[in-house]
Structure formats: structure tokens, C-alpha cells
């Protein structure tokens, strides 16, 4: 049995997440042994159901209390939200479903379904009995086609391609498809209690080889270049190492860790970039447009 101790809330926990996770933690402490990590065609996840990764670290569930979001969470924080732009107000008949065509969607009474993944027409016409949706030990929620032996044939959709405010090991920041220009970035919550997209974003700038933080589109902070696994304006952390990939298909940045302890970066509603337990990584909240310390960038200040 995996123990589940919440302890005192960290200052960075959004309000609704903390109280929802109190309940999540209590339930998970008695439920982990029977945890299921996979949805098969025809399965659905109701508002009170949960999927757990095999290692018990991540949980896929709906959280409220007034607006409902499909989230991936640990016992400390939410790391991904499927419908941050489309909160569900009516929890009646709320569910996540994987139908026999392979379509993954959020459904509730009185509104159109929120489609997370829909197979292309030739596949949709078939009975996709080998398509499953699984919450991985990495925190990635994937829709995948399986081989007859149960191994993965192909990944059709994954939550790592739709980040919110958190970067987990193995997630990518940057351009992951030069043909389409698809660019992955982190976007802060609007406020501590509202997960809608906020003013701050963390991005990878491949041309300069730097991480940048924007505030409403304006670059206000730069990491400096990476040398010997250290960015100029990010405190050194020997537990975390960085990978930069640049080729004709993609240009991206990712983090990895040498420890088993949970690791993630999060861009906060005030512009701070923090790590596990609130460790400060970047202080973009101190960038006012006229100072250049700590990676801050100057920009033209509007005149009154």
C-alpha cells in the first residue's frame, strides 16, 4: 500500500487544487492497490472515478468544486488540465469516454462534448478495439494503438503535446514539427484559483538557444545560453540535466532528472518559475522593464 501524506499546503498550490487533492489523497491511500491505469474502447471515467499510473504517482480525475476540470495530479499539485479553456459547470452525467471508434471526449449533460482526440475518417469507420488510453508513470496520458502482444504500436495522441503550466521530465518545449510550426510552451494560470491561460509563458527560443519568459507576448526574461549543463540565469541543480535537440524536424528543450523524487517546473500566475516544493528557478516577477539583473530584459515602458 502506498502511503499518502499531504502535510501543509505549499504557497504555490492553487486554491481549488489543494482542497480537491485533500480528498484525492484520502481516497488514493485506500485505493492504490486496485488502481487501473487504462481505458479500453467503451470505457468511461465518471466524475468520481480515477485512473492511476502504475507507480501510483499520477492520478487522472475530474476536480471541482464549482467548475470541473479533467486533470492529471500528484498528491501535491495539478500538472495538466485538459479543458482549462472549457470548464464544465454542470457535473450531471460528467464523464470522460473512449468510444469504439477511438474517440476520446469529455461529456456532460446539456453541452457539446469536448473532443480531446478523434481518429481520422478511415480509422473512425473501423472498430478500433486495440486503441486504449493510458496514464503513464511519467505523467503522460496517451491514446495508443496496441500490437496483438499488448506492446505499443503507435501513439495517436498524448497530453505531453498539450502542456498547461507544468513541465515534467520528458516533456518538450519548442518546435516539435517544422512542417506545421507546432510550438509547445507553458502558460501560467490566470490566477491562483483560475486555471484559464494567464499572462506569463515559458518558451524555448532555438535560434538563441535560450529559455524565455513572456508577459502578454513581451519577452521580459532570458535564461542565457546553456554551458556545462547550466544556464547563466538559472541556479545550478546537479539533480536536473537538460537536453537540447535540433534537427530538420524539430527544435526543442527538455529536462531529465537523476533522482526518483518527483520533479517538475511550473510557471506561476505572478511570473515566477519554480521547481519541486517551490524552489525558485527564475524571478520574472522582478522584471520591470528597466532592470537587467537576473536575466531581466529591458523593454519600452509606455508613457502616461
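In UniProt numbering, the protein residues as written are 1 to 304.
Note that beta-carbon positions come from the ideal geometry of N, C-alpha and C, so glycine has one too.
Item	Value
For residue 150, count neighbouring C-beta atoms within 10 Å of its own C-beta (all shown protein chains included) and say buried if the count is 16 or more, exposed if not.	exposed
Could you give the distance in angstroms between the alpha-carbon of residue 290 and the alpha-carbon of residue 220?	10 angstroms
Comparing alpha-carbon positions, which option in 264, 144, 268 lies nearest residue 191?	268
Pull up the CB-CB distance for residue 39 and residue 116, whole angstroms please, since I reckon it's below 8 angstroms.	Incorrect: roughly 12 angstroms between the Cβ atoms, too far for contact.
With residue 188 and residue 198 assumed to form a contact (beta carbons below 8 angstroms), what rounded beta-carbon distance in angstroms separates them?	4 angstroms
Check whether the Cβ atoms of residue 200 and residue 214 lie closer than 8 angstroms to each other.	yes
Give the straight-line distance between the Cα atoms of residue 272 and residue 288, rounded to the nearest whole angstrom.	13 angstroms
Just checking my contact of residue 240 with residue 254 at CB under 8 angstroms: how many whole Å lie between their CB atoms?	Not quite, the Cβ-Cβ distance comes to about 11 angstroms (not below 8 angstroms), so this is no contact.
Within a Cβ cutoff of 6 angstroms, which residues of the same chain sit near residue 182, ignoring the five residues on either side of it in sequence?	176
Looking at the unbroken beta strand (DSSP E) that takes in residue 271, where does it start and where does it end?	No beta strand (DSSP E) contains residue 271, which DSSP labels as neither H nor E.
Could you give the uninterrupted runs of the beta strand (DSSP E) lying entirely in the UniProt domain "Bulb-type lectin" (36-156), keeping only those of 3 residues or more?	44-46, 50-52, 59-63, 69-73, 78-81, 95-98, 104-107, 114-117, 131-135, 141-146
Would you report the Cα separation of residue 6 and residue 58, rounded to the nearest angstrom?	Caution applies to residue 6, whose pLDDT of 34 falls short of 50 and renders its modelled position unreliable; the model cannot decide the point.
Check whether the stretch 61-69 touches the stretch 82-97, counting contact only when three or more Cβ pairs, one atom from each stretch, lie closer than 8 angstroms.	yes
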